[in-house]
Amino acid sequence: MLSVQKADGTIEPFSEEKVRLSLQRAGVPKLLEEKALEHVKEKAYDGIASWELYHHISKFLGKSSHPYCRSKYSLKQSIMMLGPTGYPFEDFIAKILEVHGFTVAIRQILSGKCVTHEIDVIAQKASQSIMVEAKFHNNSGNRSDVHVAMYTKARFDDVKVKNHLHEGWLVTNTKATTDAIAYASCEALKIISWSYPAGESLRDLVEKYTMHPVTVLTSLSLAQKAQLLQHHVVLCKEICADNTLLNYLSLSKEEKQRTIEEIHFICEEEENSNNS
Numbered sequence: 008m009l010s011v012q013k014a015d016g017t018i019e020p021f022s023e024e025k026v027r028l029s030l031q032r033a034g035v036p037k038l039l040e041e042k043a044l045e046h047v048k049e050k051a052y053d054g055i056a057s058w059e060l061y062h063h064i065s066k067f068l069g070k071s072s073h074p075y076c077r078s079k080y081s082l083k084q085s086i087m088m089l090g091p092t093g094y095p096f097e098d099f100i101a102k103i104l105e106v107h108g109f110t111v112a113i114r115q116i117l118s119g120k121c122v123t124h125e126i127d128v129i130a131q132k133a134s135q136s137i138m139v140e141a142k143f144h145n146n147s148g149n150r151s152d153v154h155v156a157m158y159t160k161a162r163f164d165d166v167k168v169k170n171h172l173h174e175g176w177l178v179t180n181t182k183a184t185t186d187a188i189a190y191a192s193c194e195a196l197k198i199i200s201w202s203y204p205a206g207e208s209l210r211d212l213v214e215k216y217t218m219h220p221v222t223v224l225t226s227l228s229l230a231q232k233a234q235l236l237q238h239h240v241v242l243c244k245e246i247c248a249d250n251t252l253l254n255y256l257s258l259s260k261e262e263k264q265r266t267i268e269e270i271h272f273i274c275e276e277e278e279n280s281n282n283s
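Residue numbering for the sequence shown follows the working numbering, starting at 8 and increasing by one per position.
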């Protein structure tokens, strides 16, 4: 049986089911799903790195009859491109909270009981006030461990009374360790990581509410994506609602049309659900 080396160095058996699930989450048509699976099985070898499997599938999708499936398939890697500073990731988390009805403020300076803190995101809805620590990693092998959870809880405890905050959240784009989750559960700290909690993980929230960042777009260069982020254009759905946001970029008519087509493909799931 073939084995796969994950980003954190651990080894696990190669799983056709995991490959299928990742393709299905990206909206890959059934026939193309089968072809992509056969392709990666041909390329796989014992001990292959997970990033190499991803690369083979991503490249295959990009050259297929449904090239924009590559955009959704590359979600995890695209979120890691919301760096290197982490500020775009904070903007990204704020946008997700806004969709859930929160009023948000980013990078706020708050006085605590002991010291002053810069808080990544403050979110408010009705009587609910939340402090959010947005922990960004640009390597999928990096995890938010118990020390990150303890640090977040300590900051929350210092600012909560003076600023009338009710909850502390830790949101990260990679995984949280078992100890971090156990500590958070014990201390009433909410954790949202790439795959936790089930049904409400960062991946689930992005896919369910079509919150794909502009970094998924294959029709734009890295520099063009960075330019959009500098103008706080973080989500594809923002451009789907207002194509003039692409005017920040010097695109030809053909380039702009290609980008709009890709964005509409990404937003398609939400549009279909709204029309059903």
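Quick reminder that beta carbons are idealized off the backbone N, C-alpha and C, glycines included.
- If you look at Val106, you'll find it in the alpha helix (DSSP H) that goes 94–106.
- By DSSP's assignment, Ile198 forms a beta bridge with Leu177.
- Within a 10 Å sphere around the beta-carbon of Leu82 sit 16 or more other beta-carbons, which makes this residue buried.
- By DSSP's assignment, Glu140 forms a beta bridge with Leu177.
- One thing to note: His173 has its Cβ no nearer than 8 Å to the Cβ of Ile116.
- As a beta-bridge residue in DSSP terms, Ala56 pairs with Gln12.
- Rounded to whole angstroms, the separation of the alpha carbons of Lys70 and Lys50 is 16 Å.
- Counting along the chain, His171 sits inside no beta strand (DSSP E), nor does DSSP assign it H or E at all.
- DSSP places His124 in the strand class (E or B) of the three-state scheme.
- Assigned with DSSP and collapsed to three states, Arg162 falls in helix.
- Bridge pairing for Thr251: absent [DSSP].
- Per DSSP, the continuous beta strand (DSSP E) segment holding Val111 begins and ends at 110–118.
- Here the region 80–100 makes contact with the region 176–185; the two share three or more CB pairs at distances below 8 Å.
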